[in-house]
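Colleague: Can you keep this structure in mind? I'll have questions shortly.
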Amino acid sequence: MRIAETLTFRGADAGNHAAPLWLLAGEWVAAGDAVEHIESWWRIPAPLAWMTEVRYRTGGLDAAWPLLAELAWLTPERFAALLSVLGDASLTALRRRFDAEFPGTGEVDDYAWFAAWLLVAKPALEGRLREARVRREQAASRATALLGEILRREHEGDQHELVILRQEFSRLHAGLFEVYMATRKVQHQ
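Residue numbers (the UniProt record's numbering): 1 to 189.
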C-alpha cells in the first residue's frame with residue numbers, strides 16, 4: 001500500500017488515487033488523509049464520495065449526514081451508488097421511502113432532493129444537515145437550507161416570516177412543498 005500514497009488525484013482517472021485503495025483495504029483514516037490532500041475535495045464528486053464513506057465508516061451515519069447531503073446535491077448518481085456500498089439498513093429504508101413518496105420524475109436526479117425531503121420526513125436531523133455546505137447554484141441545496149430555516153422559525157411562531165419562507169420554498173419545488181404542508185395540516189388538526 002506504500003505505492004498508493006504516491007498516487008495523485010487526476011480527476012478523470014480518479015480510480016487511480018490512494019483514497020479508493022485505502023477504502024478497499026478498510027483503512028479509513030488513511031483514506032481520509034488521502035482525500036484531505038486534494039484541494040477543494042468537497043467540490044469534486046469522487047473525493048466527496050470517498051470522504052463521505054470515510055465519515056460513515058469512522059463516525060457512523062450521524063457523522064456522515066452533512067456529506068451525504070452535499071454528495072446528493074453535487075452528484076445524485078454517486079449518492080445512490082454510495083448508499084448501496086454502505087449497506088446501512090436505515091439508509092436503505094429511507095431510500096425506499098423516498099422512492100415511494102418523493103414527487104419527482106423517478107430518475108436518479110431526484111436524489112438531489114433527498115436531504116430536503118429528509119427534513120420533511122425526519123425534522124430532527126435539521127441540526128446535522130445544517131452543517132452541510134450550501135450550494136447556492138443548486139435549487140435542492142437552497143431548498144434544504146430554507147427548509148431548515150423554516151423548521152427553526154416554526155418554533156418561534158413568527159407567522160409572517162413563515163409565510164414568506166414557505167412561498168420561497170414552494171417556488172423551489174412545488175411537489176415537495178405540498179408534502180411538507182401535508183405534514184403541517186395533520187399536526188394542526
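Even for Gly, the Cβ is constructed at its ideal location relative to N, Cα and C.
In chain order, what residues of the same chain have a beta carbon less than 7 angstroms from the beta carbon of W41, not counting five sequence neighbours either side?
Modeller: Within the sequence shown, residue 41 is the residue found at index 41, counting from 1. V35, P47, L48 and M51.
Colleague: Under a CB-based cut-off of 7 angstroms, is A112 close to chain B?
Modeller: Protein chains in the displayed structure number just one, and chain B is not present.
Colleague: Give the DSSP-derived three-state secondary structure of A18 in the structure shown.
Modeller: Sequence index remark: in the sequence shown, residue 18 carries index 18 (1-based). Reduced to three states, the DSSP call for A18 is helix.
Colleague: Tell me which same chain residues have a C-beta within less than 6 angstroms of the C-beta of W28, skipping the five on either side of it?
Modeller: The residue labelled residue 28 in the question sits at position 28 within the sequence shown. Once the five neighbours on either side are set aside, the close Cβ partners of W28 are V54, R57 and T58.
Colleague: In angstroms, rounded to a whole number, what distance separates the CA positions of E178 and S170?
Modeller: Taking the sequence shown and counting its residues from 1, the one referred to as residue 178 is at position 178. Taking the sequence shown and counting its residues from 1, the one referred to as residue 170 is at position 170. Each residue's Cα considered, the two are about 8 angstroms apart.
Colleague: Given that a residue counts as buried once 16 or more other Cβ atoms are within 10 Å of its Cβ, and exposed if not, what is V163?
Modeller: What you label residue 163 is simply residue 163 of the sequence shown in a count that begins at 1. Label assigned to V163: exposed.
Colleague: Which stretch, first to last residue, makes up the alpha helix (DSSP H) that contains L94?
Modeller: Indexing the sequence shown from 1 puts residue 94 at position 94. Unbroken alpha helix (DSSP H) run through L94: A89 to E101.
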